[in-house]
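*Asks:*
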Amino acid sequence: MVTVRARRDPMLGVGVALILGQTVLRAVVVLGSYYWQDDFIHMEAAGRLGLSREYLVRDHNGHLEMGTNLVYWLIGRDAGPSFLPAALCLLGMQLVASCLLLAVLRQLFGRSPWLLLPFACYLFTPLGLPVATWWAAGMQAMPMQIAMLTALLALVRALRTRSWRWAALSACCFAAGLLFWEKAVLVLPALVAVVVLVEWAGEPWDRRLRLLRAGWPYVLPHVLLVAAYIPFYRSIVESPVVPLPDAGTALTGAGDTVLRMLLPGLVGGPWTGEGAESTVFSDVGAGRAALAAGLVVAVVATSVWLRGSRAVQGWVLVVGYVAADIGLLLLGRGDYLQIVARDPRYVTDALPIIVIGVCAAFSGPLLDGRARRRAVRAVGVRAAGATAGVLLIAGSGVSSALVAGELQHPESKAYVQAAVRVIDENPDVSVVSGSAPGEVLLARYPDVGRLLDAVGQDRRFDEPGTDMRMLDGLAFLRPIALLEPTLRAFGPVAGCGWALTAAEQRLGVVPEADGRISQVLRIGYATAQEATLHVVVGDDEQELALPPGMGSAYFVVTAQQGPLGARVTSPGPVCVQEAVVGRPWPLGGS
């Protein structure tokens, strides 16, 4: 009987252990995060529109995110106030992407333990945290990474085995990536570049061209997908005209992206929390930026000294993809470049390609020369690799801890909780639903009422009342003032204004206004008995019970226009001194 002993595979074991470590550390950060910005827009739309074409296939700030919309409908429409469903979704996607990258590295480069060092960089770099803690950003970047890595894994196997099944799987994964984010069109050139520069790195260039011609049928479905996707995207999305930055601004922005964010993040930075705001990377300063750049230059120089042109091809892959990312950033966000130049969200999709490029730069045979072989033996490869890995993970862990609090969006969670609490504590107050503060939601829509409804905290808003207030930026209820009045009318009867009875009287005309901005009608009244005030704006009618005495009656008339009429149900007349329509603003609020 022959006993077959399983071959030891330390790379796989250590790689899986690293993935588990990343998952645990990410869970600590992600579970403490909360919904933010676009999350509220997607969740509100999922609840309001349902699983319809209007919801699934729509333009969202220049993005076409059909797959993202589907996930928000499946998970987010009834998620409630807990971030747990989103956190599990984010952690699950990252786990899948990490496992796929490990599989890709093993397929392209074998089982060398050295591959674990750049792999650890991918797993623990703080550059991956913004898309790990913000659901909307994660639903762009992570499906794209998953699609890219799966498509690459399948395409390489298709080319090696001449298998149409693997080619079909590659094309299907590519198509899935396009469903989540239009930026996934970069997957196609990335696939070709990895195949030519990495998979066929040991072949002469003329043979690579022959291999590419022979393998074109396996790539053709991907090309056809892009050819069909681009006109479909353009038919749905109205791309905004973004002014291109001038050359100086573009160079400064690109320099900040590479030198003050990407390179420090790849070597464990930023090593500080100063300057971090929302998803913007910390300000590393000139000294730390120079240190990171020096480390990267040393790595590049070492790889070229050891591997020559093989190393250059790996770095060409890295530089090419990063340049494409920066180019898209300049084209799509050139007007906000000073803000987003240090935002890792715009280069997160490059991280797997960077890891593949670094591994390629150190793969293959050493150049001829005793000095190189002696240097490799003298360094103590395993000890040096382990030391570098520990330092990299430790630095990344410290950096992540320093920036995690800002990336968990505590201001968003605090605002939602405070708004719910203060509304519940004041059940007799009519609350007008205005815009949320910019640190929670920059868009005007959804308003506060729909925002709370999106996270399962449905409360009554915009109801008529004699005590109307508004949430300020800190979720305090404040009395309102009416700014920029579009109507201000006074009654003709001295000492009374309009003497309202059961017969409707015309008080003025409410002009057309921007339906996205709240509008409130305030009517000053005086009555000797209880009465019911009926107000009509165009075809819309509201009513409010008035207590005896003098006071103000408030009605939300957002998106309403036309003649303003009023009448009362009362034993006697009710005096109305004035009628004012304007934009509500919390008095004394922030």
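Counting in the numbering used here, the sequence shown runs from 5 upward without gaps. A virtual CB, placed ideally from N, CA and C, is assigned to each residue, including glycine. Bear in mind that the values here come from a model prediction, so they are computed numbers and not experimental data.
Does the stretch 241 to 258 come close enough to the stretch 193 to 206 that 3 or more CB-CB pairs lie under 8 Å?
*Replies:* The answer is no - the stretch 241 to 258 does not touch the stretch 193 to 206, with fewer than three Cβ pairs under 8 Å.
*Asks:* Go through its chain and collect everything with a Cβ distance to Gly542's Cβ below 8 Å, but skip five positions before and after it.
*Replies:* By 1-based counting over the sequence shown, the position of residue 542 is 538. Result list for Gly542: Val514, Gln564, Gln565, Gly566, Pro567, in chain order.
*Asks:* Taking three-plus beta-carbon pairs below 8 Å as touching, is the stretch 543 to 551 in contact with the stretch 477 to 486?
*Replies:* No contact exists between the stretch 543 to 551 and the stretch 477 to 486.
*Asks:* What does a CB cutoff of less than 7 Å around Val8 pick up in its chain, not counting 5 residues either side in sequence?
*Replies:* One-based indexing of the sequence shown puts residue 8 at position 4. In this predicted model, Val8 has a pLDDT of only 47, less than 50, meaning its place in the structure is not dependable; the value taken from the coordinates is given anyway. Closer than 7 Å at Cβ, skipping near neighbours: no residue.
*Asks:* Rounded to the nearest angstrom, what separates Val288 and Leu334 at their Cα positions?
*Replies:* Mapped onto the sequence shown, residue 288 falls at position 284. Mapped onto the sequence shown, residue 334 falls at position 330. Approximately 22 Å between the Cα atoms of the pair.
*Asks:* Hey, out of Leu192, Val34, Arg264, whose CA is closest to Pro274's CA?
*Replies:* The residue you call residue 274 lines up with position 270 of the sequence shown. Checked all of Leu192, Val34, Arg264; the closest Cα to Pro274 is Arg264.
*Asks:* In the DSSP assignment, what residue or residues form a beta bridge with Gly519?
*Replies:* Numbered from 1 along the sequence shown, position 515 holds the residue referred to as residue 519. According to DSSP, which records beta bridges pairwise, Gly519 is partnered with nothing at all.
*Asks:* Compare the C-alpha of Gly569 against each of Gly512, Gly460, Tyr558, Gly555 and name the closest.
*Replies:* For the purposes of this step, residue 569 is taken as residue 565 along the sequence shown, with counting starting at 1. Cα-wise, what sits closest to Gly569 is Gly512.
*Asks:* Let me check understanding here. Comparing Cα to Cα, which of Ala188, Leu267, Leu216 lies closest to Tyr233?
*Replies:* Walking along the sequence shown from the start, residue 233 turns up at place 229. The shortest Cα separation from Tyr233 among Ala188, Leu267, Leu216 belongs to Ala188.
*Asks:* Between Gly181 and the rest of its own chain, which residues show a CB-CB distance below 8 Å, the 5 nearest in sequence each way excluded?
*Replies:* Numbered from its first residue, the sequence shown carries residue 181 at position 177. Contacts found: Pro147, Met148, Ile150, Ala151, Met152, Ala155, Ala188, Val191.
*Asks:* Between Ser434 and the rest of its own chain, which residues show a CB-CB distance below 7 Å, the 5 nearest in sequence each way excluded?
*Replies:* As a first step, residue 434 must be located in the sequence shown, where it is residue number 430. The answer, listed in chain order, is Glu467, Pro468, Gly469, Asp471, Met472, Tyr558.
*Asks:* Please determine, among Leu121, Ala124, Leu74, Pro134, the residue with the shortest C-alpha to C-alpha distance to Ser56.
*Replies:* Reading the sequence shown from its first residue, position 52 is the one you call residue 56. Measuring from the Cα of Ser56, the nearest candidate turns out to be Leu74.
*Asks:* Tell me whether Leu213 is buried or exposed, calling it buried when 16 or more other Cβ atoms sit within 10 Å of its Cβ.
*Replies:* Along the sequence shown, one-based indexing puts residue 213 at 209. Per the 10 Å Cβ criterion, exposed.
*Asks:* Would you kindly work out how many angstroms separate the C-alpha atoms of Ala390 and Leu270, rounded to a whole number?
*Replies:* Taking the first residue of the sequence shown as 1, we reach residue 390 at position 386. Taking the first residue of the sequence shown as 1, we reach residue 270 at position 266. Each residue's Cα considered, the two are about 17 Å apart.
*Asks:* Nearest to Asn65 by CA position, among Glu582, Ala418, Ala498, Arg337, is which residue?
*Replies:* Locating residue 65 in the sequence shown gives position 61, where the first residue counts as 1. Minimum Cα distance to Asn65 is reached at Arg337.
*Asks:* When the Cα atoms are used, what is the spatial distance from Gln41 to Val444?
*Replies:* One-based indexing of the sequence shown puts residue 41 at position 37. One-based indexing of the sequence shown puts residue 444 at position 440. In a straight line, the C-alpha of Gln41 is about 6 Å away from that of Val444.
*Asks:* Please name the residue, chosen from Gln342, Val580, Ser574, that lies closest to Arg510 on a Cα-to-Cα basis.
*Replies:* Locating residue 510 in the sequence shown gives position 506, where the first residue counts as 1. Nearest C-alpha to Arg510: Val580.
*Asks:* From the DSSP secondary-structure annotation, give me the bridge partner or partners of Phe494.
*Replies:* Along the sequence shown, read from residue 1 onward, the residue named residue 494 stands at position 490. Bridge partners of Phe494: Glu582.
*Asks:* Contact check, Val572 vs Leu504 under 8 Å by CB: the rounded distance?
*Replies:* Counting from one through the sequence shown, the residue named residue 572 turns up at place 568. Counting from one through the sequence shown, the residue named residue 504 turns up at place 500. Contact flag correct, Cβ pair sits at about 5 Å.
*Asks:* Pick out whichever of Leu370, Val540, Gly36 has its Cα sitting closest to the Cα of Gln412.
*Replies:* As a first step, residue 412 must be located in the sequence shown, where it is residue number 408. Ranking the options by Cα distance to Gln412, first place goes to Gly36.
*Asks:* Would you mind stating whether Ala141 and Thr261 have Cβ atoms separated by less than 8 Å?
*Replies:* Residue numbering aside, residue 141 sits at position 137 when the sequence shown is read from its first letter. Residue numbering aside, residue 261 sits at position 257 when the sequence shown is read from its first letter. No; because the gap between Cβ atoms is not below 8 Å, this pair is not in contact.
*Asks:* Can you tell me which residues form a DSSP beta bridge with Leu550?
*Replies:* Taking the sequence shown and counting its residues from 1, the one referred to as residue 550 is at position 546. Ala535.
*Asks:* Kindly indicate the opening and closing residues of the alpha helix (DSSP H) around Arg164.
*Replies:* For the purposes of this step, residue 164 is identified with residue 160 of the sequence shown, where counting begins at 1. Looking at the DSSP string, the run of the alpha helix (DSSP H) that includes Arg164 is 139 to 165.
*Asks:* Taking the beta carbon of Val394 as the centre, do at least 16 other beta carbons fall within 10 Å, making it buried, or is it exposed?
*Replies:* Position 390 of the sequence shown, counted from the first residue, corresponds to residue 394. Exposed.
*Asks:* Is it buried or exposed, Ser102, if we count other Cβ atoms within 10 angstroms and call 16 or more buried?
*Replies:* For the purposes of this step, residue 102 is taken as residue 98 along the sequence shown, with counting starting at 1. Under this definition Ser102 is a buried residue.
*Asks:* Which two residues bound the contiguous beta strand (DSSP E) that contains Ser434?
*Replies:* Reading the sequence shown from its first residue, position 430 is the one you call residue 434. Element bounds for Ser434: 434 to 436.
*Asks:* What is the DSSP secondary structure of His226, reduced to helix, strand or coil?
*Replies:* The sequence position of residue 226 within the sequence shown is 222, counting from 1. Helix.
*Asks:* Considering Cα atoms alone, identify which of Val61, Val28, Gly17 is closest to Arg238.
*Replies:* Residue mapping note: residue 238 aligns to position 234 of the sequence shown, counting from 1. Arg238 has its Cα closest to that of Val61, out of Val61, Val28, Gly17.
*Asks:* How far does the beta strand (DSSP E) with Thr573 in it reach, from first residue to last?
*Replies:* In the sequence shown, the residue the question calls residue 573 occupies position 569. Element bounds for Thr573: 566 to 573.
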